[in-house]
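Here the sequence shown stands for residues 1 to 181, where the numbers follow full-length UniProt numbering.
Even for Gly, the Cβ is constructed at its ideal location relative to N, Cα and C.
For clarity, every value in this text was computed on a predicted model and none was experimentally measured.
See below for the structure under consideration.
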Amino acid sequence: MHKTRAFAAAAAALIALPGSAQAQEVFGGVYAHAVDTPFTLETTEGGTVDIAAGIRFDGIEALSAIGSPEPYIVANVNTSGFTSFAGVGVAWTIGDGPVYVRPGIGLVVHDGPEFRVNPETGFRTDLGSRVLFEPEIGVGYRLSERVSAEAHWMHISQGQIFDGDQNPGIDMIGVRVNVGI
Numbered sequence: 001m002h003k004t005r006a007f008a009a010a011a012a013a014l015i016a017l018p019g020s021a022q023a024q025e026v027f028g029g030v031y032a033h034a035v036d037t038p039f040t041l042e043t044t045e046g047g048t049v050d051i052a053a054g055i056r057f058d059g060i061e062a063l064s065a066i067g068s069p070e071p072y073i074v075a076n077v078n079t080s081g082f083t084s085f086a087g088v089g090v091a092w093t094i095g096d097g098p099v100y101v102r103p104g105i106g107l108v109v110h111d112g113p114e115f116r117v118n119p120e121t122g123f124r125t126d127l128g129s130r131v132l133f134e135p136e137i138g139v140g141y142r143l144s145e146r147v148s149a150e151a152h153w154m155h156i157s158q159g160q161i162f163d164g165d166q167n168p169g170i171d172m173i174g175v176r177v178n179v180g181i
């Protein structure tokens, strides 16, 4: 009974959302997890695969002075049981032609270990905070009016803001498909 009430309340909330808050796009992708880049340190999670999915909403017109960023919700699951995360952010689609760039920034919560030490080096490899920043950028190509594909990079770290001693970060690089709804 409680599940039915919760579902009904969630459905009512979605129906009550104004048109500007409706989802405009769903996306999904496959990523190499813990890719070695200049932005990260070794976390011992490399060589694994992530599956990401999310929803992007229409741009926020009240923020037109900064380009009407498009809010998104994203979830990223590591297929080998390493760090997964979910969160929210905003992105800007730059370019009206077939090729575009989409930078974004978000906040995510992850399920990685709170404390981890690399046995080979003795260095801590945990992320230093449960809450992390999630900058991202995609370079995409519009395949049709509703479908696009992107080469995409996501990074999660706390920038030594929440823990000044620890910040290895994790980079994911892959491909993403976006479908307008």
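Beta-bridge pairing of residue i - partner residues as DSSP gives them
| i | result |
| --- | --- |
| Asn76 | Ala52, Phe85 |
| Val26 | Ile55, Val179 |
| Ile161 | DSSP, once it has assigned bridges, lists no residue as partnering Ile161. |
| Leu127 | BP columns for Leu127 are empty, so no partner. |
| Asn150 | According to the sequence provided, residue 150 is Glu. The question's Asn does not apply to it. Beta-bridge pairing links Glu150 to Gly140, Arg176. |
Coil, strand or helix - residue i by DSSP
| i | result |
| --- | --- |
| Ser64 | helix |
| Glu45 | coil |
| Phe133 | strand |
| Gly95 | coil |
| Arg142 | strand |
| Val109 | strand |
| Asp36 | coil |
| Pro168 | coil |
| Glu70 | strand |
Residue i versus residue j: straight-line alpha-carbon distance, rounded
| i | j | result |
| --- | --- | --- |
| Asp171 | Glu134 | 10 Å |
| Glu114 | Ile55 | 28 Å |
| Phe7 | Leu41 | Only weak support is given to the placement of Phe7: the predicted model assigns it a pLDDT of 44, under 50, and the question is left unresolved by the model. |
| His155 | Gly138 | 12 Å |
| Val90 | Thr48 | 27 Å |
| Ser80 | Ala62 | 41 Å |
| Val101 | Pro71 | 16 Å |
| Ile60 | Asn118 | 43 Å |
| Ser20 | Ser68 | Its pLDDT being 49, under 50, Ser20 is placed unreliably in this model, and the value from its coordinates should be taken loosely. So the two alpha carbons sit approximately 12 Å from each other. |
| Phe82 | Gly112 | 7 Å |
| Gly159 | Asn167 | 6 Å |
| Val131 | His110 | 7 Å |
| Gln22 | Val30 | 25 Å |
Segment limits, beta strand (DSSP E) that includes residue i
| i | result |
| --- | --- |
| Glu120 | Taken as a continuous stretch (DSSP letters only), Glu120 belongs to no beta strand (DSSP E), as it is neither H nor E. |
* **contact_flag[the stretch 94–108, the stretch 118–127] where n(CB pairs < 8 Å) is 3 or more** => no
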